[in-house]
Structures are given as C-alpha cells and as structure tokens.
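What follows is one structure encoded as structure tokens, with my remarks underneath.
In the UniProt record's numbering, the protein residues as written are 1 to 165.
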C-alpha cells in the first residue's frame, strides 16, 4: 500500500524515513494485518491486535530523528533508546482495557510521536480480538510500517507516503 496524505501548508522538506514494527512481548511474533480493500475509511490494510496483550514497538528513523514520547490508543508511552543519536527507539504497549471490535468494524487508533524535531499525528486502522482468538494471528505478518516524513515551518510532521508491508 502506498498512500499520499499531504495537507500541511508552508514549506515542506522531506527530512527522514520512519519505520515501525509491532511484536508480541510474550513470544516475539510479529503483528498480523489483513487487506480490506477500500471498505473502511482508515485505509486498505488493518492491523490485528489481541486485547489484554503486551506489544513491543520499535521505531527507526533515517537519518536519525529524536523522539521522546509516543501516545497510542489512549496510552502514554515512554520511548527508550541506547543512543539518542541512533534514531532507534523501543517501547511497550499494553492493550488491556481496549474493547474487542465487532464483526465488520475497525478502530482507527490515534498515534502521536513527539520530540524536539516536531509532532507527528496519525491513525492506524486496527481490529482488536479477544486474547485467545486465533483470528488475531491470521493474515500477513507485518514487516514494517514505513513513513516518508516531512516537516513544516511550525514543526508539524506530515507523512507524505505510507507503506504497510
């Protein structure tokens, strides 16, 4: 999937590429996703998560960009890095308290990244299943979500291109 989602005004310059990866903490398995076509307004791909489950999220930016905090689906997450100049970060996200999606529904969860370089706001089209429901594991295994990012004069980060693979 490649999607262009501009919309920012002012001078934009492509500053970096941001890759994210989600895996279950318990076993290291990558999150699954399914291709939904254009049935839902959030996009053509749906990330599949289990409720009451901990996920490890890794972020890599090239060239390195500095981020300190992530807000995902109502949870404030601290980003950890061994070297702030590496552009590599990790955090854990617990899906406890998120409701299971009904059949045919999707949840566009909010994701915000914040750091000295600016503020990025996105939505991830997702579906949440019961922890023991094998449907959460069916589908393609997520290799990464790749975003081409640009920053406007006010420090707002825009995703100019998105690939989910």
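From the three backbone atoms N, C-alpha and C, an ideal C-beta is built for every residue, glycine too.
In DSSP terms, what residue i is bridged to
i           : result
residue 30  : 23
residue 164 : 145
residue 58  : 21, 90
residue 157 : 120, 151
residue 35  : 45
Residue i: first and last residue of the uninterrupted beta strand (DSSP E) it sits in
i          : result
residue 71 : 69-72
residue 76 : 75-78
residue 46 : 43-50
Residue from the options with nearest C-alpha to residue i
i           : options            : result
residue 66  : 51, 18, 103, 73    : 18
residue 85  : 63, 39, 134        : 63
residue 157 : 46, 114, 104       : 114
residue 73  : 81, 96, 142, 41    : 96
residue 75  : 88, 82, 55, 87     : 55
residue 106 : 16, 142, 44        : 44
residue 42  : 126, 144, 160, 132 : 126
residue 152 : 162, 141, 118, 164 : 118
residue 92  : 23, 103, 148, 61   : 23
residue 103 : 27, 154, 161, 129  : 129
residue 29  : 162, 77, 143, 154  : 143
Contact belief for residue i with residue j at Cβ below 8 Å, rounded distance in angstroms
i           : j           : result
residue 112 : residue 71  : 4 Å
residue 110 : residue 123 : 6 Å
residue 21  : residue 58  : 5 Å
residue 35  : residue 48  : 12 Å between Cβ atoms; not a contact.
residue 164 : residue 16  : Actually they do not touch by this definition, with Cβ atoms about 18 Å apart.
- Query: Which parts of the region 109-134 are runs of the alpha helix (DSSP H), unbroken and 4 residues or longer, counting only runs that do not cross its ends?
  - Reply: Taking 4 residues as the minimum length, the region 109-134 contains no alpha helix (DSSP H) run wholly inside it.
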